[in-house]
Every structure is written in structure tokens, then in C-alpha cells.
Amino acid sequence: MPSPRPPVSSITLDAGSFAVIHQENADLQRPPASLTKLMIAYAAYEQVASGAAAWEMPVTVAAEDVHAVADDETRMGLVPGETVTLGRLLQGMLVVSGNDAALVLARHLHGSQAAYLQHMNALARRLGLGSTWFASVSGITTPRHVSSARDMAVLAGRLLADHPQVLAITAQPAFAHGTFSRSNQNALLADEGVDGLKTGYTRAAGFCLAATARRPIAGHAQPVRLITVVLGSEDREARDARVRRHLASGFAALAGDTVAEA
Numbered sequence: 632m633p634s635p636r637p638p639v640s641s642i643t644l645d646a647g648s649f650a651v652i653h654q655e656n657a658d659l660q661r662p663p664a665s666l667t668k669l670m671i672a673y674a675a676y677e678q679v680a681s682g683a684a685a686w687e688m689p690v691t692v693a694a695e696d697v698h699a700v701a702d703d704e705t706r707m708g709l710v711p712g713e714t715v716t717l718g719r720l721l722q723g724m725l726v727v728s729g730n731d732a733a734l735v736l737a738r739h740l741h742g743s744q745a746a747y748l749q750h751m752n753a754l755a756r757r758l759g760l761g762s763t764w765f766a767s768v769s770g771i772t773t774p775r776h777v778s779s780a781r782d783m784a785v786l787a788g789r790l791l792a793d794h795p796q797v798l799a800i801t802a803q804p805a806f807a808h809g810t811f812s813r814s815n816q817n818a819l820l821a822d823e824g825v826d827g828l829k830t831g832y833t834r835a836a837g838f839c840l841a842a843t844a845r846r847p848i849a850g851h852a853q854p855v856r857l858i859t860v861v862l863g864s865e866d867r868e869a870r871d872a873r874v875r876r877h878l879a880s881g882f883a884a885l886a887g888d889t890v891a892e893a
């Protein structure tokens, strides 16, 4: 018989101070699925900021990266041999979770997936993500590929703090490339103040979401941004309901109110 799935992990942080508002099994190591792509995005932004890359840079799509993506994996519709910009790849990776985009980005920025994984893990150490080890560029189920709700929330917070322009991408409701078109799978984008960040799912990881919202709070001069991460939910609806509940409770707590959490 298959082993039972670990309990759901969740955490809510104040994005400005990284103060923890809520946590449950937040340090439990588990697969992060496509939330992995938040690290790819962070690494790409860092390289562009350093001048080592540019979003307008043309990238030729290698056939092996397209063919490495299984039929049941998400993709942005890349075609072997076509040329796309680095910025376009980032959009396809973040909005529709294109695994093909992740593989092409990794090869272009560091020469190979193996080299990019080394870079991702070095960044994880630098950011203090002590429960995280990346063994997959795209987030597919891979032995030793693990993180935690706390680490993913801290990574999301650093991405927002260092490269807030990412929200212009993660807030996009849909993405199209060639004949491919797909909606953003983050259903919370219709909610008040929600503008990101990343959904994820594999059979091993369950349903995952790193969400962020910015809302005005009584007693605060400026709107407040929160980050909520849920890993390992049993289905998409339960995952979204948990995130909505934790965000509502977090904003209420900052306003001095209380919201009962089931």
C-alpha cells in the first residue's frame, strides 16, 4: 500500500518584516512541485540585474529540452529551433508553469540543467533555506528534491523584496505562445489584492500554492502585503480555501480583529 501523505503544511508571513503570522507543519520537508520555479525566477532576475543576461536576449530552443517534457507535464508550447527572448521564457514559466521554459532557461543561463541546479542550491544556502535541496529544475517528482512551506515563503519574500517587478508577470490571467494558450491556474487572482505568485502540483507533492496579496489595513499608513504558502493539499479547491482563510486571518490579525480558522 502507498504510504499516507504527510499533513498539509502552511505558513503566512508579513512580506515586509518576514514576521510569521500563522504556521502549521511549516518546516516539514516535502516536494515543492512547481513552486521550484520561484527559485529559477529569482536566479534569472539576479543574472539580469548583474548584467550577465538581458530580458531581450534571444534564446534558441534546443530540441532535447522540448522532448524532455513528458506529455502529462505543463508547458508553454515551445518548438525546437525557434528563437524566443529570455523575458518571454520567464512569462511562460511563471504564468502557465511551462516546464519546457524552465529547462530552456536553465540551459541558456548556465549551460546545463546540472550547472543550474548547483547555482539554485548555492542561492538556497545564501538565502538561508535550510530545508531545501533542488534536484529538479522544473519541480517534477525527483528523489531528494525537497523544501518546506517556510522556505518557500522566505524565497517568495526575497523575490518580492529584491525583484518586485515579477508581480507584473504573476498577475497575468493568461498566456499565449504560437498556437498554445492557457489560463493562469492561480484562481485567487480574482480575489482582493492578490497578484501572485505560483501554483504547483505533482502526485507526490499534492496541490501547492504560494500566494501574495496587498490590502489596506486599518491603523497602517500603507497597504500591507502578506505571503501565504500551502503545500500538500488534497485537491485544488481545498488548497485555495486554505490560502484564502489564512490570508483573511492574517489581515484580520494585523488589524486587531479575529477570524476563526477551521
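Mapping of the sequence shown onto my numbering: residues 632 to 893, in sequence order. Glycine residues also receive a C-beta, built at the ideal position from the N, C-alpha and C atoms. Here the structure is a predicted model, which is why all the values come from computation and not from measurement.
Query: Alpha carbon of leucine 754 to alpha carbon of glutamate 677, nearest angstrom; Result: 10 Å
Query: Reduced DSSP secondary structure (H/G/I, E/B, other) of serine 814; Result: strand
Query: Separation of methionine 707 from asparagine 815, as counted between CA atoms; Result: 11 Å
Query: Integer Cβ distance of serine 665 from glycine 837, believed to fall under 8 Å; Result: So it is not a contact: roughly 12 Å between Cβ atoms.
Query: Own chain partners of alanine 685 with C-beta closer than 8 Å, once the 5 adjacent residues on each side are dropped; Result: Val679, Leu717
Query: Opening and closing residue of the alpha helix (DSSP H) in which serine 769 lies; Result: From DSSP, serine 769 is part of no alpha helix (DSSP H); its letter is neither H nor E.
Query: Every unbroken beta strand (DSSP E) within the segment 817–845, with a cutoff of 3 residues, ordered by chain; Result: 825–833
Query: Buried or exposed (CB count within 10 angstroms, at least 16 for buried), serine 640; Result: buried
Query: Contact under 8 Å by Cβ, histidine 739 with valine 690; Result: yes
Query: Cβ-based burial, alanine 732 [other Cβ within 10 Å; buried from 16]; Result: buried
Query: Option nearest leucine 786 by Cα separation, candidates Ala674, His741, Ser767; Result: Ala674
Query: Exposure of phenylalanine 882, with buried meaning 16 or more beta-carbon neighbours within 10 Å; Result: buried
Query: Those runs of the alpha helix (DSSP H) which lie wholly inside the segment 680–731 and span at least 4 residues; Result: 694–698, 717–726
Query: Sequence-distant residues of its chain with Cβ nearer than 7 Å to arginine 867 (five each side left out); Result: Phe838
Query: Closest residue to arginine 789 among Gly712, Val692, Val861, Leu828 (Cα-Cα distance); Result: Leu828
Query: Reduced DSSP secondary structure (H/G/I, E/B, other) of histidine 808; Result: strand
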